[in-house]
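In our numbering, the protein residues as written are 29 to 436. We put the CB at the ideal spot given by N, CA and C, even for glycine. Notes for the one structure printed next.
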Ligand SMILES: Cc1ncc(COP(=O)(O)O)c(C=O)c1O
């Protein structure tokens with residue numbers, strides 16, 4: 029496997045001033061909180077779920093149960109982050125990448141060729157509902173059944189908990205994996221779900237200790253108190269952003285290193301010793317106590333704010349400009365035309381942007397293009413109006429700058 033990697037070290041990007049994931053506990057009133065706690069303790073453990081510390085470890089268990097081993101292959105989406113692959117590499121399996129269409133749906137027409145080219149038997153296929161948008165995976169499910177391949181549904185970008193499953197998700201895979209910490213203000217959380225509970229027979233996780241739980245409580249409280257600061261403070265913001273942009277546009281641009289290397293080991297984001305660790309009880313409680321309707325409404329409002337803001341911006345387009353009524357978005361995916369300089373400038377301005385610039389090389393042109401160009405913008409429920417205002421101002425002002433203004 030070859031890995032294309034972007035190393036930002038030479039750029040010296042500052043730490044973003046706004047958290048990309050939710051961090052604030054959502055209590056409406058004390059009574060509401062008490063009622064939720066009472067309700068939470070009435071809910072019993074479901075035999076369909078196992079709780080891991082991260083989705084990547086839940087994925088690892090799904091891969092193992094599907095039969096992945098050094099003698100077999102995983103089919104994974106060509107657009108991915110390394111944590112989707114780590115557990116398969118840890119099991120010693122080969123990985124082949126199937127192409128995606130421009131809306132990040134599996135390209136079923138070209139899947140067969142990848143399957144046929146695989147040197148070892150394909151045991152599992154990972155299919156992702158990217159950015160919270162439920163995909164119709166029924167054709168893929170039929171194809172997997174016909175070829176005796178275990179379909180693993182990746183709901184890591186989807187609001188998926190033991191108490192709420194986003195419509196149209198968790199209905200195709202023999203195993204389903206989710207990452208609650210991406211939607212809830214908790215330190216950890218990775219879910220493995222099986223529609224047939226007997227498929228999880230014998231899957232046990234190791235509970236965390238009291239010290240870890242106390243740290244989880246401290247984390248939740250501290251992060252909840254994280255001030256809703258705006259980078260650079262409140263002083264004349266648009267003017268300061270313009271000044272900084274003008275300075276960036278006239279200075280020589282220090283670019284990161286792009287490399288392509290052979291790759292067979294797990295990434296630094298994976299720890300073999302954490303594979304069986306259960307998520308913190310306090311994280312599971314936070315998931316139970318958080319009002320899902322309010323979380324969805326806040327994320328939808330922020331997502332729509334982004335859609336409006338980028339509608340007439342040059343050099344970019346929303347990957348999914350329309351948000352279906354029942355979708356809880358994970359992030360706002362934005363395609364930009366000129367990562368150099370726009371991505372660099374956003375990072376230099378402390379804008380909280382993610383992109384998957386570390387990715388296995390494949391024949392998929394969409395993945396190759398999106399690796400540098402698809403930005404993931406936060407739209408979570410803990411963002412304040414002022415933080416959204418600042419991010420919209422920074423993005424708009426940056427993308428309105430001519431890319432020719434940079435000095436590579
Ligand atoms: C689509 C997708 N699947 C799986 C994972 C792994 O999830 P986790 O971070 O919970 O390990 C990620 C991580 O970001 C992801 O983006």
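Under 8 Å between C-beta atoms of residue i and residue j
i           : j           : result
residue 258 : residue 418 : yes
residue 38  : residue 284 : yes
residue 444 : residue 154 : Residue 444 falls outside the range modelled here, since the chain spans only 29 to 436, and no answer is possible.
residue 382 : residue 50  : no
residue 409 : residue 54  : yes
residue 95  : residue 52  : no
residue 225 : residue 76  : yes
residue 394 : residue 107 : yes
residue 356 : residue 160 : yes
residue 128 : residue 392 : yes
residue 316 : residue 241 : no
residue 192 : residue 350 : no
residue 203 : residue 194 : no
residue 147 : residue 122 : yes
residue 431 : residue 402 : no
residue 400 : residue 385 : yes
residue 81  : residue 390 : no
residue 406 : residue 46  : yes
residue 179 : residue 86  : no
residue 286 : residue 34  : yes
residue 186 : residue 162 : yes
residue 12  : residue 422 : With the chain represented from 29 up to 436, any question about residue 12 goes unanswered, as that position is not in the structure.
residue 272 : residue 377 : yes
residue 303 : residue 88  : yes
residue 238 : residue 337 : no
residue 207 : residue 83  : yes
Distance between beta carbons of residue j and residue i, contact taken as under 8 Å
i           : j           : result
residue 311 : residue 217 : 5 Å
residue 183 : residue 205 : 6 Å
residue 79  : residue 236 : Rounded, the Cβ-Cβ distance is 10 Å, inconsistent with contact.
residue 111 : residue 298 : 7 Å
residue 201 : residue 181 : 3 Å
residue 190 : residue 335 : Going by Cβ atoms, the distance from residue 190 to residue 335 rounds to 31 Å, so no, they are not a contact pair.
residue 251 : residue 197 : At roughly 27 Å, the Cβ-Cβ gap does not stay under 8 Å, so residue 251 and residue 197 are not in contact.
Residue i Cβ short of 7 Å to ligand 3 heavy atom set
i           : result
residue 385 : Although ligand 3 was asked about, the structure shown includes only ligand 1 as ligands.
*asked:* Below 8 Å, how does it come out for the segment 112 to 127 and the segment 164 to 180: are there three or more Cβ pairs, yes or no?
replied: no
_Report the start-end ranges of each beta strand (DSSP E) in the segment 139 to 223 that is 3 residues or longer and not cut off at the edges._
150 to 156, 178 to 183, 203 to 206 and 218 to 221
*asked:* I want to know whether the segment 328 to 339 touches the segment 294 to 303 - three or more CB-CB distances under 8 Å.
replied: no
*Could you tell me which uninterrupted alpha helix (DSSP H) segments, each at least 4 residues in length, are contained entirely in the segment 406 to 432, listed from first to last along the chain?*
413 to 427
*Per the contact definition of three or more C-beta pairs closer than 8 Å, is the segment 207 to 215 in contact with the segment 100 to 110?*
no
*Could you say if the segment 343 to 354 and the segment 241 to 251 meet the contact criterion of at least three C-beta pairs nearer than 8 Å?*
no
*Who sits around ligand 1, taking every residue whose Cβ is closer than 6 Å to one of its heavy atoms?*
82, 83, 84, 109, 111, 112, 156, 182, 184, 185, 207 and 218
*asked:* I'd like the ranges of any beta strand (DSSP E) spanning at least 3 consecutive residues and lying wholly in the segment 230 to 294.
replied: 285 to 290
*Mind the definition here: the segment 271 to 286 touches the segment 368 to 378 only if three or more C-beta pairs lie below 8 Å; say whether that holds.*
yes
*Whole beta strand (DSSP E) runs in the segment 75 to 107 with 3 or more residues, listed along the chain?*
77 to 80 and 101 to 105
*Which runs of the alpha helix (DSSP H) spanning at least 4 residues fall entirely within the segment 300 to 354, listed in chain order?*
309 to 317 and 320 to 338
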